[in-house]
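Numbering (the UniProt record's numbering), first residue to last: 1 to 148.
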């Protein structure tokens, strides 16, 4: 994520259409804006696209020049979609709070307090809480925690 910021890559924040997903998307877009990146927010249409990553949306973002997709409040069960994104050359970071399936998508990073390997002490964070924790870690790692 930091490498993408340094390289001024196009980043898309792929949210969910509910209140949690919309606020998490806004939080990451604003946070990355503070660091000089104009992330593209993407919220799928509730009726025509439904919940989760969609292959058509990934193709659309790819055509816009996006190289990194960060999911918020979705993605942990999107194995075929993340595999497709990888084949297209897209990097995917999943931030989610839903329970994963037995097989985890091949994202470059996953932040989900419900992963079996998670040691985070509170597994019931909302998606926006997971997004905030990602931003806090990013800002702290680059010495800008006072800017968050």
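Quick reminder that beta carbons are idealized off the backbone N, C-alpha and C, glycines included.
Asked, Found
"Residue 42 - DSSP class collapsed to helix/strand/coil", "strand"
"Segment contact flag, the region 103-113 with the region 68-81, C-beta cutoff 8 Å, min 3 pairs", "yes"
"Cβ neighbours of residue 132 in the same chain (closer than 7 Å, five flanking residues each side left out)", "27"
"Those residues which DSSP pairs with residue 66 across a bridge", "10"
"Whole-number beta carbon distance between residue 91 and residue 100, since they are thought to touch under 8 Å", "So it is not a contact: roughly 19 Å between Cβ atoms."
"Reference residue 15; option with closest CA among 138, 145 and 96", "96"
"CB-CB length for residue 115 against residue 81, believed under 8 Å", "At roughly 18 Å, the Cβ-Cβ gap does not stay under 8 Å, so residue 115 and residue 81 are not in contact."
"For residue 86 and residue 68, the rounded distance between their alpha carbons", "10 Å"
"Residue 25 in three-state terms, based on DSSP", "helix"
"Cβ-Cβ distance between residue 29 and residue 41 below 8 Å", "yes"
"Expected contact under 8 Å - CB spacing of residue 58 and residue 38 to nearest Å", "So it is not a contact: roughly 20 Å between Cβ atoms."
"Spatially closest choice to residue 63 from 73, 71, 51 and 89, by CA coordinates", "89"
"Contacting residues, own chain, Cβ-Cβ under 6 Å from residue 134 (five flanking each side not counted)", "95 and 111"
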